[in-house]
Amino acid sequence: TVTVMELHRRMGHIAPSAARRLAEHGLVSGLKVDLSSDEPTFCESCVYARATRKPIAKERQGERATEFAGEVHTDLWGPAPVE
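Residue numbering for the sequence shown follows UniProt numbering, beginning at 1 and increasing consecutively.
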């Protein structure tokens, strides 16, 4: 016997509501799904997979270069040793 959330994980993290509907309509074979469980539908893996980061602001801190090589960016230190 598996819970709806275990079915959610086993089926590749489909929506828990979809996993419940599949079980309710008898479309899951080979497993007995416990539909009486009211466990929370929180899945840490799903939250992590949907995480995004905010875009980096495109603000300039100084004037733009007006001619070729008017502004040069270089690394002054590196590469850092790694052990």
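Cβ coordinates follow ideal geometry from the N, Cα and C atoms, glycine included.
These figures come from a predicted structure and were not determined experimentally.
Problem - Residue from A15, E71, A80 and T74 with nearest C-alpha to F42 - result: Walking along the sequence shown from the start, residue 42 turns up at place 42. Measuring from the Cα of F42, the nearest candidate turns out to be A15.
Handout entry: Where the alpha helix (DSSP H) containing E6 begins and where it ends
Key = The residue you call residue 6 lines up with position 6 of the sequence shown. V4 to R10 is the extent of the alpha helix (DSSP H) around E6.
Practice task
In the DSSP assignment, find the unbroken alpha helix (DSSP H) run with L22 in it and report its ends.
Solution key: To locate residue 22, count along the sequence shown from 1; it is residue 22. Residues P16 to E24.
Practice task
Determine the direct distance from the alpha carbon of T66 to that of E83, and round the result to whole angstroms.
Solution key: Locating residue 83 in the sequence shown gives position 83, where the first residue counts as 1. Locating residue 66 in the sequence shown gives position 66, where the first residue counts as 1. Distance between the alpha carbons of E83 and T66: 43 Å.
Handout entry: Whether L7 touches V47 by CB criterion (9 Å)
Key = Stepping through the sequence shown from its first residue, residue 7 is reached at position 7. Stepping through the sequence shown from its first residue, residue 47 is reached at position 47. No, the pair does not count as a contact, with Cβ atoms beyond the cut-off.
Practice task
Identify whether V72 lies in helix, strand or coil by the three-state DSSP scheme.
Solution key: Residue numbering aside, residue 72 sits at position 72 when the sequence shown is read from its first letter. V72: coil per DSSP, three-state reduction.
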